[in-house]
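J.: Quick note, the sequence shown lines up with residues 25 to 327 if you use our numbering.
Each residue gets a CB set at the ideal place from its N, CA and C atoms; glycine is no exception.
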Amino acid sequence: MTTRLSRATAALAASVLTAGFMGLASAPALAYDSGSLKAKYTELQAELQDPNNTFRQPVHVDSSQSGDNLSGEVYAVVPHAFKDFEAAMKDPSDWCDILILPFNTKYCHAAPGANGAQVLQVRIGRKSDQPVDEAYRIDFALQPVAASAQYFESRLTAPTGPVGTRDYRIAVSAVPLEGNKTFMHLSYSYGYGATGRFAMGAYLSTVGASKVGFTVTGKDANGQPVYIGGVRGAIERNVMRYYLAINAHLASMSAAPAQRLEKRIQTWFDSTERYPRQLREMDRSAYVAMKRTEAERQLTALQ
Numbered sequence: 025m026t027t028r029l030s031r032a033t034a035a036l037a038a039s040v041l042t043a044g045f046m047g048l049a050s051a052p053a054l055a056y057d058s059g060s061l062k063a064k065y066t067e068l069q070a071e072l073q074d075p076n077n078t079f080r081q082p083v084h085v086d087s088s089q090s091g092d093n094l095s096g097e098v099y100a101v102v103p104h105a106f107k108d109f110e111a112a113m114k115d116p117s118d119w120c121d122i123l124i125l126p127f128n129t130k131y132c133h134a135a136p137g138a139n140g141a142q143v144l145q146v147r148i149g150r151k152s153d154q155p156v157d158e159a160y161r162i163d164f165a166l167q168p169v170a171a172s173a174q175y176f177e178s179r180l181t182a183p184t185g186p187v188g189t190r191d192y193r194i195a196v197s198a199v200p201l202e203g204n205k206t207f208m209h210l211s212y213s214y215g216y217g218a219t220g221r222f223a224m225g226a227y228l229s230t231v232g233a234s235k236v237g238f239t240v241t242g243k244d245a246n247g248q249p250v251y252i253g254g255v256r257g258a259i260e261r262n263v264m265r266y267y268l269a270i271n272a273h274l275a276s277m278s279a280a281p282a283q284r285l286e287k288r289i290q291t292w293f294d295s296t297e298r299y300p301r302q303l304r305e306m307d308r309s310a311y312v313a314m315k316r317t318e319a320e321r322q323l324t325a326l327q
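#1: At the level of alpha carbons, what is the spacing between GLN174 and GLU158?
#2: Looking at the unbroken beta strand (DSSP E) that takes in SER178, where does it start and where does it end?
#3: Under a Cβ-count criterion, where at least 16 other Cβ atoms within 10 Å of its own Cβ denotes burial, should GLN283 be classed as buried or exposed?
#4: For the structure I just gave you, are there three or more beta carbon pairs, one from the region 87 to 104 and one from the region 206 to 214, closer than 8 Å?
#5: Whole angstroms is fine: what's the gap from SER60's alpha carbon to GLU67's?
#6: Nearest to LYS114 by CA position, among PRO168, TYR65 and LYS62, is which residue?
#7: How big is the Cα-Cα spacing for SER344 and ALA165?
#8: Of all the options ASP307, PHE238 and ARG256, which has the alpha carbon lying nearest to the alpha carbon of ARG80?
#9: State buried or exposed for GLN322, treating a residue as buried only when at least 16 other CB atoms are found within 10 Å of its CB.
#10: With three or more beta-carbon pairs closer than 8 Å as the criterion, would you say the region 293 to 305 touches the region 259 to 274?
#11: In the DSSP assignment, the beta strand (DSSP E) including ASP163 goes from what residue to what residue?
#12: Expressed to the nearest angstrom, what Euclidean distance is found between the alpha-carbon atoms of TYR65 and PHE109?
#13: Considering just the uninterrupted stretch of the alpha helix (DSSP H) at ALA63, what are its terminal residues?
#14: Determine the extent of the alpha helix (DSSP H) in which PRO281 is found, giving its start and end residues.
#15: Determine the extent of the beta strand (DSSP E) in which GLY242 is found, giving its start and end residues.
#16: Tell me the rounded alpha-carbon separation between GLY149 and GLY215.
#17: Go through its chain and collect everything with a Cβ distance to ASP57's Cβ below 7 Å, but skip five positions before and after it.
#18: By how many angstroms is the C-alpha of LEU94 removed from the C-alpha of GLU305?
#19: Taking C-beta to C-beta, are GLY96 and ILE289 nearer than 7 Å?
#20: What separation, rounded to the nearest whole angstrom, lies between the Cα atoms of THR324 and CYS132?
#21: Is ASP86 helix, strand or coil when you go by DSSP?
#22: Given 8 Å as the limit, is there contact between the region 114 to 124 and the region 140 to 156, that is, 3 or more CB pairs closer than that?
#23: List the residues that DSSP assigns as beta-bridge partners of ILE194.
#24: I'd like to check one pair, SER211 with ALA195: are the Cβ atoms closer than 7 Å?
#25: Which class does SER234 belong to by DSSP, given the choice of helix, strand or coil?
#26: Distance, Cα to Cα, TYR192 vs PRO281?
#27: Could you give the distance in angstroms between the alpha-carbon of ALA310 and the alpha-carbon of ALA63?
#28: Write down the C-beta distance between SER229 and LEU268 rounded to the nearest angstrom, noting that I regard them as a contact closer than 8 Å.
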């Protein structure tokens with residue numbers, strides 16, 4: 025009985041607490057404007073331009089834990105002009121095209137909310153294929169913050185979620201760079217209570233015990249990097265998955281409309297395979313078949 029309960033709890037935590045949906049307990053700490061985000065780019069510029077950095081591309085990942093709050097961030101230079109970045113990130117349908125790509129997202133549909141706001145109806149489930157009515161529902165409010173020639177910011181927020189989670193949020197901001205490039209910041213965190221803490225502990229002691237993130241904490245006896253594990257490793261894996269989803273969405277915009285879905289799916293999987301130790305969960309054929317079905321399903325509003 026105890027073993028079955030632990031496995032069930034671990035599976036629950038794997039599908040919800042590490043699904044990559046995002047909350048923020050202290051918004052001012054992660055808020056940026058054009059000037060401060062450009063200053064952050066200057067601070068990270070040498071690392072981002074180093075071809076031998078951890079990611080072998082212009083990406084920086086960070087994470088932190090404070091009490092019952094976890095946060096993860098990614099800073100990256102993307103090879104897309106700022107105007108194209110802004111155009112591809114402003115509509116609710118764009119967000120669903122992004123959110124549906126990671127394994128755990130089973131459904132995303134944009135619908136009108138109160139006072140003219142847009143709501144994304146999202147279902148989070150297992151990494152494998154799953155009936156949508158068995159997945160957990162979270163409704164995210166889409167909050168456009170800024171859209172000027174020099175700065176873009178947009179947020180998704182939800183006050184509560186399953187397994188005792190709360191204060192969900194995802195925030196994306198960006199500024200233009202020379203050479204038709206864009207510097208972007210993706211941030212997320214969530215809060216959790218006793219139920220969530222227990223579920224996360226079960227996950228990390230079973231199916232998540234050997235999983236790692238991207239922050240290098242040292243080197244082993246053979247001189248190989250040692251990566252952070254635990255809850256910070258989990259949140260780093262997910263912030264990277266969502267960054268790669270944004271990149272896949274941006275890349276798909278150059279394709280004909282009828283080909284964009286397939287390009288997003290294939291590009292996202294190819295990108296995750298660059299980091300198999302952290303991000304590999306299933307083979308290509310299983311992922312592609314699952315996402316084709318889930319993307320088609322999200323066109324229909326569920327009751």
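T.: From the atom records:
#1: 43 Å
#2: 176 to 184
#3: Exposed, by the Cβ-count rule.
#4: yes
#5: 10 Å
#6: PRO168
#7: This structure cannot settle anything about residue 344, because the visible part of the chain is limited to 25 through 327.
#8: PHE238
#9: Around the CB of GLN322, 16 or more other CB atoms lie within 10 Å, so the residue is classed as buried.
#10: yes
#11: 160 to 171
#12: 17 Å
#13: 58 to 73
#14: Where PRO281 is concerned, there is no enclosing alpha helix (DSSP H), given that its DSSP letter is neither H nor E.
#15: 240 to 243
#16: Whole-angstrom Cα-Cα distance: 19 Å.
#17: TYR175.
#18: 22 Å
#19: no
#20: 10 Å
#21: strand
#22: yes
#23: LEU180 and TYR212
#24: Remark: C-beta atoms of ALA195 and SER211 approach each other more closely than 7 Å.
#25: Of the three classes helix, strand and coil, the one that applies to SER234 here is coil, per DSSP.
#26: 31 Å
#27: 42 Å
#28: Not a contact, Cβ separation roughly 28 Å.
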